[in-house]
Amino acid sequence: MVEHGDIRVVHRGGSKINSREPVVTNDSRFLLCASGERVKVFSTSTEECVHDLRGHTDLVTGVLLRPTNHLQVYSCSVDGTVRLWDFTDGILIKVQLDYCSVCVTCSWLMFDIVCMCVCAELFQLVAVHLPQSGDQLVEAQELSAVLSNVSSNPAATGFGRGVRAPPLRSPNAPPGAITYPKTDSPHLLTTQRKGGKNTLMCIACHPKDDCIATGHEDGKIRLWRNFNHKKEYTYTTLHWHHNAVSSLRFTPEGTNLLSGGLESVLVQWRYNQESERDFLPRLGSAITHIAVSPDGTLFCTSHSDNKITIIQSCVKVSAVIQGLVNGESVRTDLMVDPRSKSLVLNGKPGHLQFYSLQRDKLLYNLDIVQQEYIHELGLQQFEVVKVAFDAPGNWMATVEERKPKAAEPEINLKLWAFDEQTQSFVLNTTVSAPHEAQITSMCFSQAADGQTSMLVSASEDGHFKAWQLPRSAYEGPSWSCDFVGDYRGLAPQCCCFSADGSLLAVSFQEVVTVWSPASWELLTTLSQPPKAIRDLCFGRLGCSKYLMGTTASNLLCCWNLLTCSLEWSTSMDVSLLLSDPLTENMAAFCCQAESTDLFVFKPSEPRPVASLKAVCSGKVTRAVFAPREEMLESCEESSQWLNRSQLYFLTQHMLFIDDSVAMTPFYLLLGKHRKQENQDSLTRLSAELMPLPRGSLAIKELLQSPAHVLPSTSVLCSMFVESLLVSVADGSEESKHAEEEMESEKEEEDSEGEMESRTPRPEPASPGLQSAESAAPALTKAQLKELRRVKKLDHGWLADLLLS
Amino acid sequence: MASFKPTKIQVYPKLGEKVTQDTLYWKNYKAPVQIKEFGAITSIDFSPVAPHNFAVTAFTRIHIYGPFSQEPVKTLTRFKDTAYCGRFRSDGQLLVAGCEDSVVRLFDVSGKAALRMFRGHTKAVHVTDFTSDRYQILTGSDDYTCRLWDIPNATELNSYREHTDYVRCGVTSKLNRDLFITGSYDHTLKLFDARADKSVMTMDHGQPVESLLLYPSEGLLVSAGGRHVKVWDLLKGGQPLVSMKNHHKTVTCLCLSSNGQRLLSASLDRHVKVYNTTNYKVVHNFDYAASILSLALAPNDESIVAGMTNSILSIKHRKSPEESAEVSGQQRRTPSYRVFVKGKNYAPKQDDYLVSKPVKQHLAKYDKQLRTFNVSNSLDTALATWTRLRKPEITVAVIKELDRRGTLKNALAGRDEQWLARLLNFLIGNLVDPRFAAVLAPAAEMILDVYRRVVGQSPLVDRQLLRLQELLEREIDYQQDLLEVLGMLDTLFASSLPRLEVDLS
């Protein structure tokens, strides 16, 4: 038996849930929203994720309830498929393939016609008639272009009333024009005024009346009427929003109009009495989408901070579904909260988010700035730029920063104590203007005794300061400055405490200064010219006598602190260096030619523990070691470094990715500890794409029909076995192998779920067999996934088969 | 749905001394009682027995005061010349005093006339004390000698001529009847044993010694002379332990607080310093109106008595616990406890249905106006007279909040003359305050921007602007001076740093 071991990078959730508007089911019990490549089903009362509809291979761009069956839902994706799901059971019912190879960026589904924008050069509105057939895989043939040259913004297209031929309205590419196709030709309403900022932002159609509401960039809402007559339309203007209206929606009965925008206020206008309006203020952040449940009791608003709020009849927020907040950028480094083991990074403006890695769920947002957030464009807000935790997790330090125009930056350093009773952090000390310039680095002393905590902050003003909690009872437990250090007027870049807290290393351009925190004496200086130090890191445990540093001149240096000399150095462009707090290992991300390599090494050993080429494309900007909940027991060398912790890293947004598509940037480097053999990952890859005997009709049928419509397993089993027997001579062996493969695939999927796997995985041994496999035609990825799904549903009979 | 977050009012640290336990303890005294004596008060001594009367030696008299009386209960006036160093015996019955006319007189505290006269010194006697066996008297004189006298016979027992200058202080051991220590203007302290003819220990203080003090354990000796207070370890053969230089004029008197934890030193620089006797750091400081010559603490620190060169005796009595409690209780009458707990301590029964009441958020007026984006009104509220004068931090916080919202310009614009004058007045008062400067300086610039066109139309506003300009010029000069001082200090500190020797090999 050949076993296989490798380490893979796995995408770990944190997807956007606010990219498209959510859908509320007819009974108002579930909320469906597109989240990355999946459709998530949330319960509206408990906020829990009930089902995760997986199957699409690319971003999901639209979700719609099937009008004829309210327990089914359509979803469409950039991968060119439309899928029909049963969301109560979480089962895929049907796949409809659109043959168009071009990218479907946004789609709407109406009745059984899919209308979608197809992007070739410009956006086009296309109606696709989904054929009615019993097959699970259908190719849609009928395709008719409705409108060309439409806006790429999905909110700028709306559907009006009508049963047979719904009029479509869509703003055209020139801003400020509405076209609506009646029966044959589209009409154009022109709204352009001279000099006005009235670009169309969104559109909504009244469900009963001939009325269209349009939202504009200047914050006005216009209600258009009588547009069915020839150019005799009239309009009225509603104005409350001071910024662009980003979403408009009529309630199902048409009595109210809901609008939302940057102000994060949900405004409810009475239809026909527009002077009366209701407000639901302070929803947290800008409203991007509004959805209304079919019975009109629930409103859902998507917000720009990856949040969905469920509102009961415009009065009360009843539930909040919060995803990982993707701010402008991750200003704080990735941190792991030592207590909750959650990932900490900045999220909403002025907040820190605590994100559970195990459950892919936001635990809570901690308000750092504690100021009223003013929703206005172009206003400089406070942002959390640095965060640090001490080793036991009792103290947290945050730095917030605001850069007003033509004034000095405002910096606040805040220290938070963990409160056992409320299980959260409570503000202890605020230091306003701790430094005169930006704080470049901040770290807590790692002292193991936990008695004395010390915080060191380094700033561009040329000083580093040590903050300490004074022990005297008179002054109360608040932090105060203990020491201010500088070195030749240079600006300190990074600081780092040794594992036992007895040494502090601060880098001043190309010089590393080593200080004793007990006496604040400059012990020694280390330097490796010619360029500035970029990263500093002390070794841990057995390697604590080493200090690692990377320089801007592509050098990775290791100093021995006992001899105060350079132990070794190597030339590599390390973009990020970090050490595992639980082991001696260090990870260095090395950026080379558009892709990043990862090296894991011990400072004391010249040979790296593990090296992974091309972990991901683009530059890795942030990374963190997160401790595992339980230690793995692995014996072989290459993956031992992942036994105690996992490595998470964040890549830069690549420029060629469209912003609206915004891939979530989280990836997990997942360790799999299987015995390394002479097989490399290439063979494994080919084995993974190993095909099934495709000719067998039985298998095809088996795989393509939903599980709950299948006959009983006893019938199936015999059929299945038969189908295998009529195959080629070595078919049984091959199929057996296929089953093995499926088994392992399934196992792999499980391991994806729980992020680890323990069982060794069987692999084909004979080279002849392998060549036979590779000769067989390849199964598409979708089919393969389908196979897995079926396998997952009921595989007891398959196990029987394998045993027989 | 989050609620409105009120404007954060910055809490600034209180300037000045930190409030410590010592500060609280030593401040817990009533306003001093001041009594005018006839001349400089050279000595104060408390009687060791209750009710702890104290003898005050001033000019040619010794007054004995009761613990709470402001009139002397007894006056000893039989001195031909200036009296010195009136001391009680340990039973409180007898009192001895030296005199400028070289005669040492012994009084009965209840009588008037001197019981004994000890003649033998040739110059003024500044030091007198009883030995611990109560039958002998130690004296020290300006004729460089110190002598022991027998009380019953009024005879001289021994004479020591070892000092080479005036003997101005001395102390006898409370534990051993034969030991006594004298300090002299020849800079030395000498420990004598009555059983030997010579001094057994000599310590060099370095300055003329003005006062001596023995710790109750008598292992440590404190001497004061010049600006120094020094502590000597007698058990280690007179090894100097600590030298303190906290006064800037001659230290004249030393005394120990009742529990022995604090040492007090009085000086001609009008200050009394309180030291912690474990680390000899100054923990408190009293100021007096004139140079202090003598200082004494009543047992249990019940009162602090200081005598000054301007012949004023200052007596500070300790506040009784009721009195110190009264100060905090002087605020206005609050509703009774019953009002606050009404309905709060009701324990719900098992099948009660709890209806939660929404917590009402109380907002200040300016916060309410900020919530509704009434920026001009909120600035008006923050500039109301009481807030502006008593709590400038609130005004500054509102200005800062408006600046953060980007609406400060709107709030400042379109005001009339009176309002502008009021705002400028506030700026003049607070602009150079380092706590507020960072916020108010941009605001002041903004005002100038907004009202640039109308400058010169109102004499009131123009006058304020000129004052502001003058203030800024003065502040700039001041800052420049400070920078110069900082530069000088840097030079001094840099030269005082020990230069690290770099080992090149």
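Chains as they are written, first to last, in numbering that gives the first Met the number 0: chain Y, 0 to 803; chain Z, 0 to 504.
Each residue gets a CB set at the ideal place from its N, CA and C atoms; glycine is no exception.
Can you say whether residue i is buried or exposed, counting buried as having 16 or more other CB atoms within 10 angstroms of its CB?
| i | result |
| --- | --- |
| F665/Y | Caution is warranted here: a pLDDT of 38 is assigned to F665/Y, below 50, making its placement in the model unreliable, and the coordinate value is therefore given only provisionally. Buried, by the Cβ-count rule. |
| I393/Z | buried |
| R452/Z | exposed |
| W223/Y | buried |
| L178/Z | buried |
| V381/Z | It is Ala, not Val, that sits at residue 381/Z in the sequence shown. That one is buried. |
| R389/Z | exposed |
| T236/Y | exposed |
| L64/Y | buried |
| Y64/Z | buried |
| S2/Z | exposed |
| T523/Y | exposed |
| G342/Z | exposed |
| T130/Z | buried |
| N427/Y | buried |
| K189/Z | buried |
| N344/Z | exposed |
Between which residues of its own chain and residue i is the CB-CB distance below 7 Å, once the five residues before and five after are set aside?
| i | result |
| --- | --- |
| V244/Y | M200, C201, G214, H215, G218, I220, S258, G260 |
| L376/Y | N242, L261 |
State the beta-bridge partners of residue i as determined by DSSP.
| i | result |
| --- | --- |
| E399/Y | V383/Y, N411/Y |
| D85/Y | Q71/Y, I90/Y |
| Y28/Z | R317/Z |
| P71/Z | Y64/Z |
| C589/Y | V573/Y, D596/Y |
| K189/Z | T181/Z, T201/Z |
| R115/Z | L105/Z |
| N345/Y | L351/Y |
| T524/Y | T512/Y |
| T380/Z | Looking at the DSSP assignment, T380/Z forms no beta bridge with any residue, so it has no partner. |
| R53/Y | R37/Y |
| V166/Z | S183/Z |
Sorted by chain position, which residues of the same chain lie with C-beta nearer than 6 Å to residue i's C-beta, five sequence neighbours on each side aside?
| i | result |
| --- | --- |
| Y486/Y | F507, T512 |
| D185/Z | H162, T163, D164 |
| E70/Z | none |
| V102/Z | M116, R118 |
| D579/Y | F624, S644 |
Secondary structure at residue i, three-state DSSP: helix, strand or coil?
| i | result |
| --- | --- |
| I427/Z | helix |
| T254/Y | coil |
| G236/Z | coil |
| A622/Y | strand |
| C563/Y | coil |
| V397/Z | helix |
| V228/Z | strand |
| T456/Y | Sequence check: residue 456/Y is Ser here, not Thr. Correct three-state label for S456/Y: strand. |
| K367/Z | helix |
| R221/Y | strand |
| W519/Y | coil |
Check your understanding: Taking one C-beta from the stretch 78–90 of chain Z and one from the stretch 126–142 of chain Z each time, how about it: are there three or more such pairs within less than 8 Å?
Key -> yes
Exercise for review: Spell out a yes or no on whether the stretch 491–502 of chain Y and the stretch 523–540 of chain Y are touching, meaning 3 or more CB-CB pairs, one atom from each, closer than 8 Å.
Suggested key: yes
Point to revise | Validate contact between the stretch 282–295 of chain Z and the stretch 17–26 of chain Z using beta carbons, cut 8 Å, 3 pairs | key: yes
Exercise for review: Spell out a yes or no on whether the stretch 361–371 of chain Y and the stretch 381–391 of chain Y are touching, meaning 3 or more CB-CB pairs, one atom from each, closer than 8 Å.
Suggested key: yes
Exercise for review: Take every Cβ of the stretch 351–364 of chain Y, pair it with every Cβ of the stretch 401–408 of chain Y, and state whether three or more of those distances are shorter than 8 Å.
Suggested key: no
Check your understanding: Looking at C-beta atoms only, is the number of pairs between the stretch 103–121 of chain Z and the stretch 72–79 of chain Z that lie closer than 8 Å three or more?
Key -> yes
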